[in-house]
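Be aware that the sequence shown starts at 1, since it is given in our numbering, and climbs by one per residue. We put the CB at the ideal spot given by N, CA and C, even for glycine. So the structure is just underneath, and the comments pick up after that.
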Amino acid sequence: MTRHDRVIVGISGASGACIALELLGMLADLGIERHVIVTEGAERTLELELGRGARDKVAALATCCHGSGDLAAPVASGSYPVDAMLVVPCSMRSLAAIAFGTGEGLLARAADVTLKERRRLVLVAREAPLHEGHLEAMLKVTRMGAIVSPPVPPFYAGLANLEDMVRQIAARALATAGFDPGERLRRWQGPSDNQANGSIRTCN
Ligand SMILES: Cc1cc2nc3c(=O)[nH]c(=O)nc-3n(C[C@H](O)[C@H](O)[C@H](O)COP(=O)(O)O)c2cc1C
Numbered sequence: 001m002t003r004h005d006r007v008i009v010g011i012s013g014a015s016g017a018c019i020a021l022e023l024l025g026m027l028a029d030l031g032i033e034r035h036v037i038v039t040e041g042a043e044r045t046l047e048l049e050l051g052r053g054a055r056d057k058v059a060a061l062a063t064c065c066h067g068s069g070d071l072a073a074p075v076a077s078g079s080y081p082v083d084a085m086l087v088v089p090c091s092m093r094s095l096a097a098i099a100f101g102t103g104e105g106l107l108a109r110a111a112d113v114t115l116k117e118r119r120r121l122v123l124v125a126r127e128a129p130l131h132e133g134h135l136e137a138m139l140k141v142t143r144m145g146a147i148v149s150p151p152v153p154p155f156y157a158g159l160a161n162l163e164d165m166v167r168q169i170a171a172r173a174l175a176t177a178g179f180d181p182g183e184r185l186r187r188w189q190g191p192s193d194n195q196a197n198g199s200i201r202t203c204n
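The following block contains the structure:
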């Protein structure tokens, strides 16, 4: 498959706006073109969770920021070549819009296009606890080809603080979308010698 080094990043109004900023920074470091869609809900969570300057940081990290209602944007069409789309974080509202292919708003439209073109769609869906409707929507998008990857911290990775956890969640989403995050992602290498607890492993 031809690689374009171009992604769509949808930011919706679920909690976890910091993950989106971290992800955009990683994509920029990797030289991948970033087409960003910020929903109205996310305009609010960005400010509430990260302060007034957060929206400007998103704009600075994007290659191109598309208006959330701009259905004429290039990313609204399947003919525009992109490798993948991530929705980070993904609210239950945006999840439902994607599950039912409403195409209402650019984020849902771009996600719909990503699915119809059989490109990778990663939804970092955040809500807790979940009711049957949330779970049904997750099952539905999974059956349609999306990957639901909630922002679950890797507790096994021995991370020191919240920043580390956010970094790992963003790096994992990047890897799930098909990009190599390199050393940014701490990969499980098995227990260290003092954790091995009698298990036998021989590697060459
Ligand atoms: C501070 C804050 C945190 C929120 N966190 C979540 C959340 O974690 N998950 C969720 O589904 N909605 C959450 N919401 C509600 C969404 O923002 C709201 O449903 C919004 O309409 C989502 O629309 P969007 O998907 O178009 O951004 C939160 C709202 C606020 C103000």
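- Nearest in C-alpha terms to residue 111, of all of 160, 17, 22 and 35, is 35.
- Put simply, the backbone Cα of residue 193 is about 36 Å away from that of residue 125.
- Between residue 98 and residue 152, the CB-CB gap reaches or exceeds 7 Å.
- Between the alpha carbons of residue 54 and residue 11 lies a distance of about 12 Å.
- Residue 20 sits away from residue 82, with the two beta carbons spaced by 7 Å or more.
- Distance from the Cα of residue 39 is smallest, within the candidate group 178, 90, 102 and 127, for 90.
- Distance check between residue 49 and each of 14, 25, 70 and 78 places 14 closest, using alpha-carbon atoms only.
- Distance check between residue 108 and each of 118, 119 and 95 places 95 closest, using alpha-carbon atoms only.
- Note that the C-beta distance between residue 32 and residue 68 is not below 7 Å.
- Taking C-beta separations shorter than 6 Å and ignoring five residues to either side along the sequence, the partners of residue 8 in its chain run 35, 75, 82, 85 and 110, following chain order.
- Within the segment 61-120, the complete beta strand (DSSP E) runs of at least 3 residues fall at 64-66 and 84-90.
- Look at residue 139 here: in three-state DSSP terms it is helix.
- Listed in chain order, the non-local C-beta contacts of residue 26 below 7 Å within the same chain comprise 170, 171, 174, 181 and 184, local neighbours out to five positions each way being set aside.
- Taking the Cβ of residue 86 as the reference point, every heavy atom of ligand 1 lies at 6 Å or farther away.
- Leaving aside the five residues that flank residue 166 on each side, the residues in its chain whose CB is nearer than 6 Å to its CB run, in chain order, 18, 19 and 22.
- DSSP places residue 47 outside any beta strand (DSSP E); the residue lies instead in the alpha helix (DSSP H), whose first and last residues are 40-50.
- Straight across, the Cα-Cα distance linking residue 119 with residue 80 is about 12 Å.
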